[in-house]
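Numbering (our numbering), first residue to last: 23 to 428. For every residue, glycine included, the Cβ atom is placed at its ideal position computed from N, Cα and C. Predicted model, so just to flag it, every value in this text is computed and none were measured. Below is one structure, written out as structure tokens, with a few remarks after it.
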Amino acid sequence: MALSAGQVGETRQNGYFFNAEHRHLFSIFFANFIVFGAGAIVIGATVPKIIRDFSWDYLIMGAVLAAGSIGYFGSTFLCGVLIHKWGPKKVIVSTLVLQAIGLAFFGLHPNVATNLLAILLIGLGEGGTEVVTNFCVVRMEPAGQSRLMNLAHAAFPAGAIAASLGMGLLLEHGIAWQMMFRTLAVLCLLIAGALIFLSFSTMQPEPRRESSRATLLWLIRQPLLVLLALVVFFYIGAEIGVSNWISEYYVQILEAPLSVGASMVSVLWCGLLCGRLLVSVGYRSDRQTPLLFGLTCLATLSLGLALLMDTAWTAGLFFWGAGMGLSAIYPVVIVLVGQHFTREQGLAIGIVSTAGGVGSFLFPFVMSAIADHFSMIAGFWFYVAVSAVMTLCAALVLLRIGLGEK
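Following this line, the structure appears as structure tokens:
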């Protein structure tokens, strides 16, 4: 039977790792999240180049980005169910193979349908990584803490930074941007191969006492889970949306070169990396909701200030601050889900991750429509509004848990 978060916490309260199996699994999950971050964010760094190479407009680009989000949110929900039927190993290995196929074929040809299918497969693979990693790390985490979850998720911005800077270098030296996607495909297959040989014996889900449908209906009627899902819905929409379009923002609004625009994606993700590492190392309190609310406030304020700046580096400073604010929101929400819905962690995490996937699909697509019909700057102010609503939802979570309600 799998160890609960509390039982694992009793094994070792003050450290990150609890036994050899957890150390090995966490190391591979960390490496996989680096690749996940690189694959998810590198397309944003490449948006200006893709638009110009393939002669796409903003709506076509938005549709392609939306296809990846459709794959992601469909996969997160499906994997939340499959993890109880197949177990985490089969789920993550299968989805990594799908991700590798998508990465290998993306950008081979300007044909929109081909690229839609490729990025759909990438999204399907990323959803499996998201759900399985969160499910397993929650079971490694000491009760009431989010340090290990933040450390795991720090790998995502690390990969995003490396990929965006790498793409900037490729573009600067005239190397085909598709090379980055092929490299990531190979890495996905290597990680899938490594996971096949690792044990998941303490990561198996608890046997269900009720049907998946009955459990799902019960979960979606829980006010706290709905609020947490809404926080992630708006958070992912703002985070991925800004990341996907910040490169084009720099090229069009701030008149930066393509290579600089691609590299500036890393500024946002550097903020996320710094924030997640700071929380992982320095935040030892068991109170997660004040942290959640404070971070959402910082993200909203910084994003608004970034849009008021008229130079690349001053705007970059506040985009970095927005990244700091966005940094630990998702890991903290996942920890809260694990704490308050212990019996059905897999499905509850799947629901929250799916909400994020819907946000990653909906908001960038709306953004592309706003940018196409109005202006790029109007689209970014839309994201400030999205971030403000996220902050309101976080305040409601703080009030609800502060009142002692489940």
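> Hey, is the segment 359 to 367 in contact with the segment 244 to 262, meaning 3+ C-beta pairs nearer than 8 Å?
Replying inline: As far as the Cβ criterion goes, the segment 359 to 367 touches the segment 244 to 262, which means the pair count is three or higher.
> In or out: S375 buried (at least 16 other Cβ within 10 Å) or exposed?
Replying inline: buried
>> Report the CB separation of L290 from Y405 in whole angstroms; it is logged as a contact under 8 Å.
In response: Not confirmed; about 12 Å, so no contact.
> In chain order, what residues of the same chain have a beta carbon less than 7 Å from the beta carbon of Y94, not counting five sequence neighbours either side?
Replying inline: G145, E148, G149, G379 and S382
> Which value, in whole angstroms, describes the spacing of the CA atoms of N137 and V119?
Replying inline: 17 Å
> Helix, strand or coil for E32 per DSSP?
Replying inline: The predicted position of E32 is uncertain, since its pLDDT is 40 and thus under 50; a value taken from the coordinates is nonetheless stated next. Of the three classes helix, strand and coil, the one that applies to E32 here is helix, per DSSP.
> What's the call for M23, buried or exposed, on a 16-neighbour Cβ count within 10 Å?
Replying inline: Because the pLDDT at M23 is just 33, under 50, the model does not fix this residue reliably, and the point stays unresolved.
> CA-CA distance, T311 and R74?
Replying inline: 44 Å
> If L170 and I50 are in contact, beta carbons under 8 Å, what's the gap, nearest whole angstrom?
Replying inline: Actually they are not in contact, since the Cβ atoms of L170 and I50 sit about 15 Å apart, beyond 8 Å.
> What are the boundary residues of the alpha helix (DSSP H) that includes M331?
Replying inline: Boundaries cannot be given for M331, as no alpha helix (DSSP H) includes it and DSSP labels it neither H nor E.
> Taking the runs of the alpha helix (DSSP H) that are 4 residues or longer, which of them lie wholly in the segment 153 to 214?
Replying inline: 169 to 194
>> According to DSSP, is H362 part of a helix, a strand, or is it coil?
In response: helix
> Taking the C-alpha atoms as reference points, what is the distance between V57 and S269?
Replying inline: 20 Å
> Under three-state DSSP, which class holds L220?
Replying inline: In this structure, L220 counts as coil in the three-state DSSP scheme.
> Taking just the CA atoms, how far does L300 sit from D308?
Replying inline: A direct Cα-to-Cα measurement between D308 and L300 gives close to 15 Å.
> Is it right to say L239 is buried, meaning 16 or more other beta carbons lie within 10 angstroms of its own, or is it exposed?
Replying inline: Exposed, because fewer than 16 other Cβ atoms sit within 10 Å of the Cβ of L239.
> Straight-line CA distance for G62 to V419?
Replying inline: It is Ala, not Gly, that sits at residue 62 in the sequence shown. Between A62 and V419, the C-alpha separation is close to 28 Å.
>> I believe L317 touches I373 by the beta-carbon criterion, under 8 Å. Please report the beta-carbon distance rounded to the nearest angstrom.
In response: Not confirmed; about 22 Å, so no contact.
> Under a Cβ-count criterion, where at least 16 other Cβ atoms within 10 Å of its own Cβ denotes burial, should F48 be classed as buried or exposed?
Replying inline: buried
> Quick one: what does DSSP say Y305 is sitting in, helix, strand or coil?
Replying inline: coil
> So, G293 versus G345, is the Cβ gap smaller than 8 Å?
Replying inline: yes
>> Can you confirm whether the segment 175 to 186 touches the segment 125 to 132 when touching is taken to mean that 3 or more C-beta pairs between the two stretches lie within less than 8 Å?
In response: no
> Who are the Cβ neighbours of A400 in its own chain at under 6 Å, not counting the five residues just before and after it?
Replying inline: I392
>> My output table needs one value for G129: the three-state DSSP class, helix, strand or coil.
In response: Three-state result, G129: coil.
> Which same chain residues, not among the five before or five after L327, have their C-beta less than 6 Å away from its C-beta?
Replying inline: F340
> Going along the chain, which residues of its own chain have a beta-carbon closer than 6 Å to the beta-carbon of A89, five neighbours each way excluded?
Replying inline: L138, I141 and L142
>> So A174 and F52 are supposed to be a Cβ contact under 8 Å. How far apart are they, rounded?
In response: 6 Å
> Between V354, M331 and N266, which lies nearest to Y305 when the distance is taken from Cα to Cα?
Replying inline: V354
> Is the segment 187 to 195 touching the segment 277 to 284, taking contact as three or more C-beta pairs under 8 Å?
Replying inline: yes
> Taking the C-alpha atoms as reference points, what is the distance between G28 and F203?
Replying inline: Annotation note: pLDDT 42 at G28 (below 50); position unreliable, coordinate value reported separately. G28 and F203: Cα-Cα distance of roughly 40 Å.
>> Would F157 and I371 qualify as a contact pair, given that the criterion is a beta-carbon distance under 8 Å?
In response: yes
>> Cutting at 8 Å between CB atoms, please list the residues of its own chain near A334, excluding the five before and the five after it.
In response: Y272, L276, A278, V282 and M286
> Does DSSP put R422 in a helix, a strand or coil?
Replying inline: The answer is helix: DSSP assigns R422 an H, G or I state.
> What's the gap between the Cα of S116 and the Cα of A60?
Replying inline: Per the coordinates, the alpha-carbon of S116 lies some 19 Å from the alpha-carbon of A60.
> I242 to S349, Cα distance in whole Å?
Replying inline: 26 Å
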